[in-house]
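**Q** In terms of full-length UniProt numbering, the sequence shown has 53 at position 53, counting the first letter as 1, and numbering is strictly consecutive.
Where a beta carbon is used, it is the ideal one built from N, C-alpha and C, also for glycine.
Values in this document were obtained by computation on a predicted structure and should not be read as measured data.
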Amino acid sequence: MAEGLMTSKPTQAIHCIPPELLAHIFFKSLPESLHPGLNQAPLSVSSVCKAWRRIAISTPSIWSNIRVEFNKGTMLFTYLSILKSWIPRSSNRGFSFILTWQPKSLLLRTGDFDVDLSEIGEVIDVLVENCAVWRNISVDAPEQVANFTSRLLSVIPEGTPRIQQISISTPEFPFAKLFTSPISLFMHLSISTCAQFTPSGSYVPLENLTTLSLQVNVFVAMELLSRSPRLQQATLELILCVGDTYPVEPIALSCLHALKLGAAPQGREDPEVLDLRFSRFLACLQCPALNTFHISFDYFVNSRFEMLDRGGVVDLLVRSGSPLRELWVHSRSFESFQQFLEPLTSLKHLRIPNNILKENKEFFCRLIHDHYSSTNCHTQLCPNLESLLITGERYIFADRAKIDVMDIRSIVDASAVESPIDARPLVLVVDSGILESVILPPGSDLEIVDGKDWAARRQDDLDEIFWCSDGF
Numbered sequence: 001m002a003e004g005l006m007t008s009k010p011t012q013a014i015h016c017i018p019p020e021l022l023a024h025i026f027f028k029s030l031p032e033s034l035h036p037g038l039n040q041a042p043l044s045v046s047s048v049c050k051a052w053r054r055i056a057i058s059t060p061s062i063w064s065n066i067r068v069e070f071n072k073g074t075m076l077f078t079y080l081s082i083l084k085s086w087i088p089r090s091s092n093r094g095f096s097f098i099l100t101w102q103p104k105s106l107l108l109r110t111g112d113f114d115v116d117l118s119e120i121g122e123v124i125d126v127l128v129e130n131c132a133v134w135r136n137i138s139v140d141a142p143e144q145v146a147n148f149t150s151r152l153l154s155v156i157p158e159g160t161p162r163i164q165q166i167s168i169s170t171p172e173f174p175f176a177k178l179f180t181s182p183i184s185l186f187m188h189l190s191i192s193t194c195a196q197f198t199p200s201g202s203y204v205p206l207e208n209l210t211t212l213s214l215q216v217n218v219f220v221a222m223e224l225l226s227r228s229p230r231l232q233q234a235t236l237e238l239i240l241c242v243g244d245t246y247p248v249e250p251i252a253l254s255c256l257h258a259l260k261l262g263a264a265p266q267g268r269e270d271p272e273v274l275d276l277r278f279s280r281f282l283a284c285l286q287c288p289a290l291n292t293f294h295i296s297f298d299y300f301v302n303s304r305f306e307m308l309d310r311g312g313v314v315d316l317l318v319r320s321g322s323p324l325r326e327l328w329v330h331s332r333s334f335e336s337f338q339q340f341l342e343p344l345t346s347l348k349h350l351r352i353p354n355n356i357l358k359e360n361k362e363f364f365c366r367l368i369h370d371h372y373s374s375t376n377c378h379t380q381l382c383p384n385l386e387s388l389l390i391t392g393e394r395y396i397f398a399d400r401a402k403i404d405v406m407d408i409r410s411i412v413d414a415s416a417v418e419s420p421i422d423a424r425p426l427v428l429v430v431d432s433g434i435l436e437s438v439i440l441p442p443g444s445d446l447e448i449v450d451g452k453d454w455a456a457r458r459q460d461d462l463d464e465i466f467w468c469s470d471g472f
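Below is the structure:
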């Protein structure tokens with residue numbers, strides 16, 4: 001039928017659709033799936049008839065992404081033959097892949113790798129042979145397959161001129177080799193490893209890198225940050241180790257506008273020692289354009305939660321002159337939190353967990369009211385604040401974060417304590433379950449909105465690091 005439509009005399013508007021537009025419509029109608037099931041698109045649609053097959057094969061975007069998953073036991077698909085047909089069809093689009101082993105936890109526990117190693121090797125060979133067309137790659141592999149991982153990554157950067165994004169999560173691999181020569185299109189890097197970084201003789205900057213995600217030790221983080229002059233977004237989970245070295249000169253991150261930061265020790269360490277290491281790391285940074293900051297002060301050590309010192313964070317923001325607009329804080333303790341916020345006068349959106357509601361009601365009075373509005377002495381915290389997001393405490397076995405309605409009502413009560421003259425408008429953002437249970441008093445300057453609605457309303461205005469959350 002489709003072939004008849006393609007070859008018959010055009011008597012209706014549908015017959016006049018250009019092939020390029022028809023291919024675009026065809027591609028958009030396919031389900032989003034990286035698993036190439038033989039009875040699913042795109043393999044099935046390419047066999048319907050000659051016309052649709054011609055469109056499918058000539059549309060590179062259909063064949064440009066795949067997830068290769070090596071399962072314990074039987075392989076999900078015959079990846080070898082699929083790769084050999086998909087990669088050529090991806091054409092000038094470039095080829096992206098996710099390479100992973102499942103179940104990873106079982107492999108790490110038993111060391112039993114019940115998969116045909118020769119088949120894995122053949123798949124790696126096909127990918128390596130076609131490394132020149134790699135675009136975005138993601139490799140998540142256990143240490144049992146380190147030889148395959150090293151073989152796959154050995155072609156970067158010399159053999160991958162078109163690569164734009166690299167994501168690697170594996171215990172050990174010589175990742176310093178990734179940076180031995182420039183990659184002109186390389187923009188996104190994610191690394192999670194405990195491997196050590198041994199720099200090569202030549203210093204190669206990552207000129208076009210804009211996003212960076214790291215779960216590494218401080219030295220590795222410093223090395224990669226110093227090579228990224230155009231970095232715009234960074235997620236750093238630092239491993240604070242004994243013997244970490246720090247640069248003499250500060251690292252100027254003049255384009256960095258969004259930072260998500262957390263830290264933890266490599267083993268059992270004294271909290272004061274960890275605070276010193278964390279502060280030394282922060283002292284090496286200059287972030288004059290930082291607009292969005294997501295900071296976690298908590299870490300788990302010696303079977304209990306500890307909290308990093310906040311002093312280094314305040315020093316970084318004040319010293320850099322950061323125009324901070326959005327702040328998201330994770331902490332189990334909010335002692336001296338008011339003093340932490342006092343220097344952050346440019347802040348417009350604040351996100352905090354609900355446990356502070358139980359600890360410090362004066363904090364909310366200072367957010368909402370200016371007790372000295374008739375004088376030049378202003379004690380109101382964050383005078384430019386527009387919205388306050390309340391997130392719940394997340395429990396290990398809970399599906400989502402939990403917020404007590406009474407906690408939110410305490411904010412509402414605080415807003416009504418003083419006269420309306422000294423109160424300022426403030427948007428209180430909660431999840432929908434809370435929204436239905438709280439009623440504002442008449443004349444209140446608070447506005448309570450649903451988190452999902454608020455995120456949709458402000459997603460063009462706020463960075464994803466700030467508003468994106470499972471809770472909303």
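To the nearest angstrom, report how far apart residue 16 and residue 51 are at their CA atoms.
**A** So the two alpha carbons sit approximately 15 Å from each other.
**Q** If you reduce the DSSP assignment to three classes, tell me which class residue 459 lands in.
**A** Of the three classes helix, strand and coil, the one that applies to residue 459 here is coil, per DSSP.
**Q** Identify every run of the beta strand (DSSP E) within the stretch 306-391, keeping only runs that are complete inside it and at least 3 residues long; order them along the chain.
**A** Fully enclosed beta strand (DSSP E) runs of 3 or longer: 326-330, 349-353 and 387-391.
**Q** Considering only their Cβ atoms, is the gap separating residue 133 from residue 79 smaller than 8 Å?
**A** Going by C-beta atoms, residue 79 is not nearer than 8 Å to residue 133.
**Q** Return the bridge partner residues of residue 134 from the DSSP annotation.
**A** Paired residues: 95.
**Q** At which residues does the beta strand (DSSP E) containing residue 479 begin and terminate?
**A** No answer is possible for residue 479: it lies beyond the span of the chain, which begins at 1 and ends at 472.
**Q** Going along the chain, which unbroken runs of the alpha helix (DSSP H) with 4 or more residues stay wholly within the stretch 222-296?
**A** The stretch 222-296 contains these whole alpha helix (DSSP H) runs: 271-283.
**Q** Can you give me the Cβ contacts of residue 324 inside the same chain, cut-off strictly under 7 Å, excluding the 5 residues immediately before and after it?
**A** For residue 324, where only same-chain residues beyond five positions count, the Cβ hits under 7 Å are 290, 291, 293, 317, 344, 346 and 347.
**Q** Return the first residue and the last residue of the alpha helix (DSSP H) that residue 298 is part of.
**A** Looking at the DSSP string, residue 298 is not in any alpha helix (DSSP H); the run it does join, the beta strand (DSSP E), is 298-301.
**Q** Alpha carbons only, please: which of 320, 149, 205 and 221 is nearest the one belonging to residue 245?
**A** The shortest C-alpha separation from residue 245 is found at 221.
**Q** Distance, Cα to Cα, residue 149 vs residue 210?
**A** Roughly 25 Å between the two C-alpha positions.
**Q** Quick check: what's the CA-CA separation for residue 182 versus residue 447?
**A** Whole-angstrom Cα-Cα distance: 51 Å.
**Q** Just curious, the alpha helix (DSSP H) that residue 70 is in, first and last residue?
**A** Unbroken run through residue 70 is the beta strand (DSSP E), 65-71; no alpha helix (DSSP H).
**Q** Starting from residue 150, trace the alpha helix (DSSP H) both ways and give me its first and last residue.
**A** Taken as a continuous stretch (DSSP letters only), the alpha helix (DSSP H) holding residue 150 covers 146-153.
**Q** Which of the three DSSP states, helix, strand or coil, is assigned to residue 169?
**A** Strand at residue 169.
**Q** What do you get for residue 399, buried or exposed, if any count of 16 or more other CB atoms within 10 angstroms of its CB means buried?
**A** Caution is warranted here: a pLDDT of 40 is assigned to residue 399, below 50, making its placement in the model unreliable, and the coordinate value is therefore given only provisionally. The residue is exposed, with fewer than 16 neighbouring Cβ atoms inside 10 Å.
**Q** Thinking C-alpha only, which one of 67, 329 and 299 is nearest residue 265?
**A** The shortest C-alpha separation from residue 265 is found at 299.
**Q** What are the boundary residues of the beta strand (DSSP E) that residue 214 is part of?
**A** Element bounds for residue 214: 211-217.
**Q** How big is the Cα-Cα spacing for residue 227 and residue 18?
**A** Computed Cα separation, rounded: 46 Å.
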